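Working notes, structure below.
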Amino acid sequence: MLILRYAFILVVLLFLAAPLVVIFGVSVNEPKQLLFPPEGFSLRWYAELFQASDWLNALRNSVVIALGASTIAVSIALPLALYVWKKQSKMAQALFGLGVAPFLLPPVISALGFMIFWITVGFYGQIYATIISHGVFLVTLPLVTISLGLEAIDRQLIEASRTMGADDKTVFRTVIFPLARPYMISGFAFVFVLSLNEYIIAYMVAGFTAETLPIKIFNSLRYGYTPVMASVAVFFVLTAIVVFGSIARFGDLPRLLGAERARR
Amino acid sequence: MTTLTARLKDHRGPAYPLVMLVVFFVVPFVIMLSVSFFSRDEGAFFQPAFELSNYARFISPFFGKVLLTSLTFSAAAAIISVSVAVPFTYFVTRMRARWQSVMLVFLLSVLSLSEVIIGFAWSTLLSKTAGIGNLLVAIGLMEISQSFTPSLGALLLGLTYLGFPYAVLVLYPALSRLDPEIPEAARMLGASPIRSFGNVVMPMMRNTITGALILVFVFTLGAYLLPQVLGRPQHWTLSVHITDQAIFQSNLPFAAAMAIFLMLVSLALVGISTLLGRART
Numbered sequence: 001m002l003i004l005r006y007a008f009i010l011v012v013l014l015f016l017a018a019p020l021v022v023i024f025g026v027s028v029n030e031p032k033q034l035l036f037p038p039e040g041f042s043l044r045w046y047a048e049l050f051q052a053s054d055w056l057n058a059l060r061n062s063v064v065i066a067l068g069a070s071t072i073a074v075s076i077a078l079p080l081a082l083y084v085w086k087k088q089s090k091m092a093q094a095l096f097g098l099g100v101a102p103f104l105l106p107p108v109i110s111a112l113g114f115m116i117f118w119i120t121v122g123f124y125g126q127i128y129a130t131i132i133s134h135g136v137f138l139v140t141l142p143l144v145t146i147s148l149g150l151e152a153i154d155r156q157l158i159e160a161s162r163t164m165g166a167d168d169k170t171v172f173r174t175v176i177f178p179l180a181r182p183y184m185i186s187g188f189a190f191v192f193v194l195s196l197n198e199y200i201i202a203y204m205v206a207g208f209t210a211e212t213l214p215i216k217i218f219n220s221l222r223y224g225y226t227p228v229m230a231s232v233a234v235f236f237v238l239t240a241i242v243v244f245g246s247i248a249r250f251g252d253l254p255r256l257l258g259a260e261r262a263r264r
Numbered sequence: 001m002t003t004l005t006a007r008l009k010d011h012r013g014p015a016y017p018l019v020m021l022v023v024f025f026v027v028p029f030v031i032m033l034s035v036s037f038f039s040r041d042e043g044a045f046f047q048p049a050f051e052l053s054n055y056a057r058f059i060s061p062f063f064g065k066v067l068l069t070s071l072t073f074s075a076a077a078a079i080i081s082v083s084v085a086v087p088f089t090y091f092v093t094r095m096r097a098r099w100q101s102v103m104l105v106f107l108l109s110v111l112s113l114s115e116v117i118i119g120f121a122w123s124t125l126l127s128k129t130a131g132i133g134n135l136l137v138a139i140g141l142m143e144i145s146q147s148f149t150p151s152l153g154a155l156l157l158g159l160t161y162l163g164f165p166y167a168v169l170v171l172y173p174a175l176s177r178l179d180p181e182i183p184e185a186a187r188m189l190g191a192s193p194i195r196s197f198g199n200v201v202m203p204m205m206r207n208t209i210t211g212a213l214i215l216v217f218v219f220t221l222g223a224y225l226l227p228q229v230l231g232r233p234q235h236w237t238l239s240v241h242i243t244d245q246a247i248f249q250s251n252l253p254f255a256a257a258m259a260i261f262l263m264l265v266s267l268a269l270v271g272i273s274t275l276l277g278r279a280r281t
């Protein structure tokens, strides 16, 4: 029975890993062809990502958008999460719902909404439009992580600091903020990785002027194959593994994803 | 007076997030809703008007088929990924914390992958020169390698791959909070592991499983690239047509009408299943 269980897990993991293994193999091909198993071993397609000006430009756009969007998302999520945590009123619930809503609809709908909005206000095609759209669209993630972090704060700790004469600001600065910080960082990281990978909003808001890596990959996919696409894909996978791996290493990932108690 | 200022101060907290969410999320939806009644203008994106022709347009056999195709694909992807995810997540929650973390990091990394990359990776995996065709030839199951994409099977695989990590993450909290003594008790009373899972664990998880089904369904309904990369033109879903109308046909009013329609379908499905969930408990 145990063997069956492990066989099942293995098959699922294989299904999840297979496409990643293949793109890794393809990315180190010597010739500029789509071959697996790879012929020869070369890292020049990775070098091209950081050297060819068009790919480098897309990389730069992607990183700028992801950093900006994470900052915006966390800046919206932190006060909102604090408010919901303090108030727990109907109004707070409604606001929380509004913060979670963008993530619950098919993204193509929000993408079109953003596109029409930016056309209306005249910023269609601007990189700022993509940054703000991503920040608002992905606000759900830091909102959920920060709320989880706040829930874990022992309210007696706050009572204690008040009794000892701390005002609101001091309590926030010395008690709440340090305890919520790891969750803010996780939320930031989640938005960063998802924004880096996001395609449809970036494409519809400023796809032709602020080209990001996913857009660039899709555009190249139409005109034929280049191994740089594979190396970009590997770069994305590695970034995600490093980011989520560090969250797991320095924080409690199972708890962050909703497990009440992690089994040691 | 002091109470008034105090109350104002009380509400000051969420002013900035409220403004951001209203301006950049609610307002775009309202504009999109109104544009869906506008008329098309070749030069200036759209022309203010009030007409229902955009909605009338997709009451046609063509868009009926597109909608049906979209719903069928998403339902299939949701059912496949959730039925694999339920036992998989259950096994993951029984692992040691360390291994759970490793699994979660891997799942999150897959989840965060862009549809572009998933489409590209699967089309490579199913291709003639770099795919499983080569593997099948190597082990003697096939004479010459062939491509498995574009095809309906490839598209469903891709959609399942897209939805699977989400299904796991929805199921994970509930399954990890499940008291391990409950299935154990069933085992002690003589139930086989499969029976204890099917008759004890599954019924307890009914609402969570419904939640996972809806999430994957709604999420794959929004898939826009996979049908283009892995499917044939007849497999194009509503989401593909929305973007196609918005960008390549520059018919924003029609695209907006379709998006509103897709949103209503998603909301209706979420609503119905929430009601069903409530009725049961």
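Line by line, the protein sequences give chains X and Y.
Per the working numbering, the very first residue in the first sequence carries number 1; after that it's consecutive.
Per the working numbering, the very first residue in the second sequence carries number 1; after that it's consecutive.
Heads up, the beta-carbon is just placed ideally off N, CA and C, and yes, glycines get one too.
Since we're looking at a predicted model, the values are computed, not measured.
Below-8 angstroms beta-carbon distance, residue i vs any chain X residue
{"i": "Glu-115/Y", "result": "yes"}
{"i": "Gly-283/Y", "result": "Any question about residue 283/Y goes unanswered here, given that chain Y covers just 1 to 281."}
{"i": "Asn-199/Y", "result": "no"}
{"i": "Phe-88/Y", "result": "yes"}
{"i": "Tyr-166/Y", "result": "no"}
{"i": "Ile-242/Y", "result": "yes"}
{"i": "Leu-104/Y", "result": "yes"}
{"i": "Phe-148/Y", "result": "no"}
{"i": "Thr-129/Y", "result": "yes"}
{"i": "Thr-208/Y", "result": "no"}
{"i": "Tyr-172/Y", "result": "yes"}
{"i": "Asn-134/Y", "result": "yes"}
{"i": "Pro-17/Y", "result": "yes"}
Residue i, buried or exposed, once every other Cβ within 10 Å from all chains shown has been counted against 16
{"i": "Asn-199/Y", "result": "exposed"}
{"i": "Ala-185/Y", "result": "exposed"}
{"i": "Val-121/X", "result": "exposed"}
{"i": "Glu-151/X", "result": "exposed"}
{"i": "Leu-238/Y", "result": "buried"}
{"i": "Thr-160/Y", "result": "buried"}
{"i": "Pro-19/X", "result": "buried"}
{"i": "Arg-264/X", "result": "Residue confidence is low: Arg-264/X scores 38 on pLDDT, short of 50, so the model does not pin down where it sits. Its coordinate-derived value is still stated next. By the neighbour-count rule (16 or more Cβ atoms within 10 Å), Arg-264/X is not buried but exposed."}
{"i": "Gly-40/X", "result": "exposed"}
{"i": "Ile-3/X", "result": "exposed"}
{"i": "Pro-178/X", "result": "exposed"}
{"i": "Ser-119/Y", "result": "According to the sequence provided, residue 119/Y is Gly. The question's Ser does not apply to it. Classification of Gly-119/Y: buried, given that the 10 Å Cβ count is 16 or more."}
8 angstroms Cβ cut-off: residues of chain X touching residue i
{"i": "Ala-246/Y", "result": "Leu-112, Met-115 and Met-204"}
{"i": "Phe-29/Y", "result": "Gly-113"}
{"i": "Met-202/Y", "result": "Those within 8 angstroms of Met-202/Y in chain X number zero; the least Cβ separation is about 16 angstroms."}
Closer than 7 angstroms at the beta carbon, the chain X residues around residue i
{"i": "Met-20/Y", "result": "Ile-76 and Val-136"}
{"i": "Ser-39/Y", "result": "Here the premise fails: no neighbours, minimum Cβ distance about 14 angstroms."}
{"i": "Ser-112/Y", "result": "Val-193, Leu-194, Asn-197 and Ala-240"}
Min CB distance residue i to chain Y below 8 angstroms
{"i": "Gly-165/X", "result": "no"}
{"i": "Val-100/X", "result": "no"}
{"i": "Ile-127/X", "result": "no"}
{"i": "Gly-258/X", "result": "yes"}
{"i": "Gly-187/X", "result": "no"}
{"i": "Tyr-223/X", "result": "no"}
{"i": "Glu-198/X", "result": "yes"}
{"i": "Phe-50/X", "result": "no"}
{"i": "Gly-245/X", "result": "yes"}
{"i": "Ile-109/X", "result": "yes"}
{"i": "Thr-293/X", "result": "There is simply no residue 293/X to check, as chain X begins at 1 and stops at 264 in what is shown."}
Residues near residue i by beta carbon distance below 7 angstroms, same chain, minus five either side
{"i": "Pro-253/Y", "result": "Val-35, Ser-36, Phe-38, Ser-39, Arg-40, Phe-46 and Asn-54"}
{"i": "Leu-138/X", "result": "Ala-69, Ala-73, Val-191, Leu-194 and Ser-195"}
{"i": "Val-234/X", "result": "Ile-23, Phe-24 and Ser-27"}
{"i": "Tyr-225/X", "result": "Leu-34"}
Proximal residues of chain Y, C-beta to C-beta of residue i below 7 angstroms
{"i": "Met-229/X", "result": "Phe-120"}
{"i": "Arg-5/X", "result": "Phe-91"}
{"i": "Ala-233/X", "result": "Ile-117, Phe-120 and Ala-121"}
Beta-carbon contacts of residue i that lie in its chain and below 8 angstroms, excluding the five residues immediately before and after
{"i": "Phe-29/Y", "result": "none"}
{"i": "Ile-127/X", "result": "Asn-61, Val-64, Ile-65, Ala-206, Thr-209 and Ala-210"}
{"i": "Ala-58/X", "result": "Glu-211, Thr-212, Leu-213, Ile-215 and Lys-216"}
{"i": "Val-108/X", "result": "Ile-200"}
Residue i at chain A interface by Cβ criterion, 8 angstroms
{"i": "Met-1/X", "result": "Looking at the structure shown, chain A is missing, and the protein chains on hand are X and Y."}
Close-in-space but distant-in-sequence residues of the same chain around residue i (CB under 6 angstroms, 5 per side omitted)
{"i": "Ser-147/X", "result": "Ala-81"}
{"i": "Leu-175/Y", "result": "Thr-89, Tyr-90 and Thr-93"}
{"i": "Ser-193/Y", "result": "In the sequence under discussion, the amino acid at residue 193/Y is Pro, which differs from the Ser named in the question. Hits under 6 angstroms: none found."}
{"i": "Leu-113/Y", "result": "none"}
Cross-chain neighbours of residue i in chain Y, by beta carbon under 8 angstroms
{"i": "Ala-248/X", "result": "Ser-101, Val-102, Leu-104 and Val-105"}
task: Can you check the region 125–161 of chain Y for any alpha helix (DSSP H) of at least 4 residues that lies completely inside it and give the ranges in chain order?
output: 132–138
message: To test your reading of the DSSP string, which unbroken alpha helix (DSSP H) runs of 4 or more residues are found completely within the region 208–235 of chain X?
response: 213–222
task: Let me know the alpha helix (DSSP H) ranges lying completely inside the region 34–65 of chain X, each 4 residues or longer, listed in chain order.
output: 44–51
field: Entirely enclosed beta strand (DSSP E) segments - the region 150–238 of chain Y, minimum 3 residues
entry: none
Ordered list of alpha helix (DSSP H) runs contained in the region 143–207 of chain X, each at least 4 residues: You should have 155–163, 168–171, 177–197 and 200–206.
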